[in-house]
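In what follows, a single structure is set out as structure tokens and then discussed.
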Amino acid sequence: MSWIEVTTVADVLGRAAEEHAGQELVFPGERATFAELEATADRFARGLLGLGVVRGEHVGILAAPGIDYVAAFFAAAKLGAVPVPINARFKGRELGHVIPHADLRALFVSGGPDDAVDYAALVARLMPEAPLLRQVIHLGPGTEPGFLSRDELLSVATGVPAAAVRREQALALVRDLAMIMYTSGTTAQPKGCMLSHEAMVRQGQNYASRYGFGPGERFWDALPLFHIGGIVPLLGCLSAGARYVHPAFFDAGTALDQLAVERCTVAMPVFDTIWLAVLDHPRFPETDLGALRTLLFLGGPEALASAQARVPQVAQVSGTGSTESCGNLALGSADDPPEKRTTTCGRLMPGMELKIIDPETGVERPRGAVGELLLRGCGRFEGYYKEPDITAAVIDSDGWFHSGDLSSIDAEGYVTYVGREKDALKVGGENVAPLEVEDFLRRHPAVSIAAVVGVPDARYTEVPAAFVELAPGAEASEEELIAFCLDEIATFKVPRYVRFVAEWPMSGTKIEKRTLRARLTEELRAAGAVQAPRVR
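Our numbering puts the first residue of the sequence shown at 26, with every later residue one more than the last.
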């Protein structure tokens with residue numbers, strides 16, 4: 026698909042329902058054609074309109090991923106309202122900020138990722154703090170007093186003509202807000218990224234073009250629907266007529282079954298906590314993934330090369346991006362040389378620009394040099410909702426978003442991600458990129474996943490510390506991994522502490538390094554350890 030058409034999010038679904046009516050959206054245990062999805066979204070939209078939801082108002086979605094979740098998203102879009110997908114990992118503290126802050130007029134709710142989270146009860150307690158929130162629609166079994174059930178929403182819909190929804194949909198502008206998506210809040214309270222219809226639709230089409238989508242393609246997306254990597258590629262599938270397959274709450278066994286049974290051709294597991302769980306599943310060697318031709322996986326060169334070696338028949342690509350860039354700013358292609366696919370994040374998406382600057386002086390760096398990545402273009406977000414000061418601090422007068430990512434771009438236009446500027450360590454005056462150390466640790470045969478953080482140190486101000494998940498059946502000690510690093514990398518980069526984990530603290534789909542750092546800092550403080558052991 027080489028064309029780009031700017032329209033609205035709701036119009037993308039409408040056209041897909043006409044041109045690719047029989048193509049499907051697939052979740053574990055349920056599936057719907059594009060035409061059926063359009064019909065459900067239309068009924069939800071008529072119900073919302075009957076409840077008084079109007080253009081520009083905000084509609085939250087805190088629900089289990091599935092057909093109804095997607096229908097609720099498009100129902101809000103049809104009215105020119107603004108859907109607000111809410112992170113299913115959020116609990117009382119985060120929801121206590123997001124639900125009032127987002128100025129929700131209505132909210133769809135159902136079960137969370139596990140039985141320990143009762144979202145309906147949480148929302149009921151928070152409603153007094155959200156005065157604009159007048160209707161909560163419970164999509165699952167059971168409900169709370171004062172909430173509407175799904176059936177009650179559909180009953181309201183019968184009193185609203187379909188023409189009323191079409192009239193509202195036709196009034197939406199491509200530069201209107203299409204979505205507010207709250208970031209995971211790794212350094213502060215979650216911030217609401219405002220994204221336009223143009224950003225979402227064009228970036229969705231960019232995914233379709235870069236992946237080579239067409240009506241025969243079957244795309245597997247492991248990222249949650251509250252993540253930019255869940256919603257925007259869905260728009261790409263609708264635009265191109267490709268099947269969209271989603272595992273709902275991720276489970277490696279379910280993922281394997283979907284990839285095989287649906288004969289998925291393109292997969293987007295993205296993160297090592299997802300894809301390595303699939304690769305390490307006991308049934309992986311016997312599962313037929315013969316239809317798979319391309320997959321997206323992020324990591325340093327060692328991680329990319331290792332993962333590629335385990336699926337040599339698949340063209341593995343990498344990328345870089347954020348909610349602020351409406352998904353991938355740069356993305357590899359199956360046509361790229363293998364060396365570029367395992368060492369870079371690919372080339373820029375159409376309609377996007379980047380600039381690499383010295384983070385201290387603001388001077389633009391030459392090709393190949395590492396610096397802070399600035400971006401602008403069709404996918405750039407509009408700013409953070411109700412945060413004008415924070416927005417002004419990161420979007421300059423020329424429209425460049427200062428990402429805080431350390432990156433480079435080479436002479437051929439390939440982008441390389443080095444790490445977060447704020448994650449970079451200063452060990453006795455020496456700069457250390459955690460990604461470099463993580464990537465090196467992955468070379469050890471016992472290491473599956475590594476996350477490196479800085480912890481306070483009386484001698485060096487801070488020192489590296491590694492959290493490690495071992496490969497299935499593997500064993501290693503702290504001393505062994507430290508010695509492994511000492512033989513190959515500069516001493517100031519060597520982790521002074523190694524801690525082993527079986528389960529990671531997650532913020533959305535990413536490892537929450539802030540939690541790891543706080544955990545080890547408190548452990549060291551309690552032990553009176555103010556200075557790390559010396560290494561040679």
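Glycine included, every Cβ here is placed at the ideal spot set by N, Cα and C.
Collapsed DSSP secondary structure at A273 in the structure displayed: Working through the sequence shown from its first residue, we reach residue 273 at position 248. DSSP places A273 in coil when its eight states are reduced to three.
Contacts around T65, its chain only, beta-carbon distance under 6 Å, and the 5 residues preceding and following it disregarded: Indexing the sequence shown from 1 puts residue 65 at position 40. Its chain contains A96 as the residues whose beta carbon lies nearer than 6 Å to that of T65, once the 5 sequence neighbours on both sides are disregarded; these appear in chain order.
Pair within 7 Å by beta-carbon distance, G396 and R390: Taking the first residue of the sequence shown as position 1, residue 396 is located at position 371. Taking the first residue of the sequence shown as position 1, residue 390 is located at position 365. Contact: yes.
At least three beta-carbon pairs within less than 8 Å, the region 224-236 to the region 423-435: Not touching, per the Cβ criterion.
Secondary structure of R200, DSSP reduced to three states: Locating residue 200 in the sequence shown gives position 175, counting from the first residue. Coil.
CA-to-CA distance, G85 to F133, given in whole angstroms: Residue 133 sits at position 108 when you count from the first residue of the sequence shown. Residue 85 sits at position 60 when you count from the first residue of the sequence shown. C-alpha separation (whole angstroms): 6 Å.
Per-residue burial, V286 [other beta carbons within 10 Å of its own, 16 or more giving buried]: Numbered from its first residue, the sequence shown carries residue 286 at position 261. The residue is exposed, with fewer than 16 neighbouring Cβ atoms inside 10 Å.
Endpoints, alpha helix (DSSP H) assigned at R524: Walking along the sequence shown from the start, residue 524 turns up at place 499. Per DSSP, R524 belongs to no alpha helix (DSSP H); it is in the beta strand (DSSP E), 522-525.
For Y485 and E528, the rounded distance between their alpha carbons: Residue mapping note: residue 528 aligns to position 503 of the sequence shown, counting from 1. Residue mapping note: residue 485 aligns to position 460 of the sequence shown, counting from 1. Our two residues, E528 and Y485, have alpha carbons roughly 30 Å apart in a direct line.
C-beta contact flag for A35 and Q228 at 7 Å: As a first step, residue 35 is located in the sequence shown; it is residue number 10 there, counting from the start. As a first step, residue 228 is located in the sequence shown; it is residue number 203 there, counting from the start. No.
Which of helix, strand or coil DSSP assigns to V95: Within the sequence shown, numbered from 1, the residue matching residue 95 stands at position 70. Taken through DSSP and simplified to helix, strand or coil, V95 comes out as helix.
Residues sharing a beta bridge with M225, DSSP: What you label residue 225 is simply residue 200 of the sequence shown in a count that begins at 1. Looking at the DSSP assignment, M225 forms no beta bridge with any residue, so it has no partner.
Exposure of N456, with buried meaning 16 or more beta-carbon neighbours within 10 Å: One-based indexing of the sequence shown puts residue 456 at position 431. Taking all protein chains shown into account, N456 has fewer than 16 neighbouring C-beta atoms within 10 Å of its C-beta and is therefore exposed.
Outcome for G72 when other beta-carbon atoms lying within 10 angstroms are tallied against a minimum of 16: The residue given as residue 72 occupies position 47 in the sequence shown. Residue environment for G72: buried (at least 16 other C-beta atoms within 10 angstroms of its C-beta).
Own chain, CB closer than 6 Å to E82, minus 5 neighbours either side, in chain order: In the sequence shown, counting from the first residue as 1, residue 82 sits at position 57. Cβ neighbours of E82 beyond the five flanking positions: A106, R130.
Sub-7 Å separation of A355 and L373 beta-carbons: Position 330 of the sequence shown, counted from the start, is the residue given in the question as residue 355. Position 348 of the sequence shown, counted from the start, is the residue given in the question as residue 373. Their beta carbons are under 7 Å apart, which means A355 touches L373 by this criterion.
Sequence-distant residues of the same chain with beta carbon closer than 6 Å to Y207, five excluded per side: The count along the sequence shown starts at 1 and reaches residue 207 at position 182. Excluding positions up to five away in sequence, the list reads V123, P215, G217.
Beta carbon of E49 nearer than 7 Å to that of R288: Numbered from 1 along the sequence shown, position 24 holds the residue referred to as residue 49. Numbered from 1 along the sequence shown, position 263 holds the residue referred to as residue 288. Between E49 and R288, the C-beta gap is not smaller than 7 Å, which leaves the two residues out of contact.
Assigned secondary structure, T367 (DSSP; H/G/I helix, E/B strand, else coil): Numbered from its first residue, the sequence shown carries residue 367 at position 342. The three-state secondary structure of T367, taken from DSSP, is helix.
Same chain, Cβ closer than 7 Å to A70, five either side skipped, listed in chain order: Mapped onto the sequence shown, residue 70 falls at position 45. Excluding five sequence positions before and after A70, the CB atoms of its chain that fall closer than 7 Å to its own CB belong to A100, K103, L104, V190, given in chain order.
Boundaries of the alpha helix (DSSP H) in which L321 is found, first to last residue: Reading the sequence shown from its first residue, position 296 is the one you call residue 321. Where L321 is concerned, there is no enclosing alpha helix (DSSP H), although the beta strand (DSSP E) it sits in stretches over 319-322.
Bridge-paired residues (DSSP) for M531: Looking up residue 531 in the sequence shown gives position 506. According to DSSP, M531 bridges with I536.
Nearest-angstrom beta carbon gap, V161 and G75 [assumed within contact, 8 Å]: Along the sequence shown, read from residue 1 onward, the residue named residue 75 stands at position 50. Along the sequence shown, read from residue 1 onward, the residue named residue 161 stands at position 136. Rounded, the Cβ-Cβ distance is 15 Å, inconsistent with contact.
Short Cβ contact (7 Å threshold) for W245 with L284: Residue numbering aside, residue 245 sits at position 220 when the sequence shown is read from its first letter. Residue numbering aside, residue 284 sits at position 259 when the sequence shown is read from its first letter. Between W245 and L284, the C-beta spacing is below 7 Å.
Nearest candidate by alpha-carbon position, reference R92, set A280, L164, P156, L120: Sequence index remark: in the sequence shown, residue 92 carries index 67 (1-based). What sits at residue 92 in the sequence shown is Ile, not Arg. For I92, the closest alpha carbon among the candidates A280, L164, P156, L120 is that of L164.
Terminal residues of the beta strand (DSSP E) in which R592 lies: Residue 592 cannot be examined here, being either before or after the span of the chain that is shown, 26 to 561.
C-beta atoms of L460 and G325 nearer than 7 Å: Here residue 460 corresponds to residue number 435 of the sequence shown, with the count starting at 1. Here residue 325 corresponds to residue number 300 of the sequence shown, with the count starting at 1. In contact: L460 and G325 (Cβ atoms closer than 7 Å).
Residues of its chain near I507, where Cβ-Cβ distance is below 7 Å and the 5 sequence neighbours each way are ignored: Here residue 507 refers to the residue found at position 482 of the sequence shown. Taken in chain order, the residues that qualify are V519, P520, V523, V560.
Contact the region 145-153 vs the region 164-178: 3+ CB pairs below 8 Å: With the cut-off at 8 Å, the region 145-153 and the region 164-178 touch.
Proximal residues to I415 (C-beta, below 6 Å), its chain only, five neighbours per side dropped: For the purposes of this step, residue 415 is taken as the residue at position 390 of the sequence shown. Answer for I415: Y409, listed in chain order.
Residue from G357, A316, A515 with nearest C-alpha to Q338: Locating residue 338 in the sequence shown gives position 313, counting from the first residue. Nearest of G357, A316, A515 to Q338, Cα basis: A316.
For I299 and A60, the rounded distance between their alpha carbons: In the sequence shown, counting from the first residue as 1, residue 60 sits at position 35. In the sequence shown, counting from the first residue as 1, residue 299 sits at position 274. Going from the Cα of A60 to the Cα of I299 covers about 31 Å.
Contact under 7 Å by Cβ, E223 with V199: Start at 1 with the first residue of the sequence shown, and residue 223 comes out as number 198. Start at 1 with the first residue of the sequence shown, and residue 199 comes out as number 174. For the 7 Å CB-CB criterion, E223 and V199 form a contact.
Own chain, CB closer than 6 Å to A280, minus 5 neighbours either side, in chain order: Counted from its first residue, the sequence shown places residue 280 at position 255. Within the same chain, A280 has close Cβ partners P272, V303.
Completely contained beta strand (DSSP E) runs for the region 43-77, where each covers 3 or more residues: For the beta strand (DSSP E) assignment, the uninterrupted runs of no fewer than 3 residues enclosed by the region 43-77 are, from N- to C-terminal side, 49-52, 55-58.
Simplified DSSP state of G121, which is helix, strand or coil: Working through the sequence shown from its first residue, we reach residue 121 at position 96. Here G121 carries a helix assignment [DSSP, helix/strand/coil].
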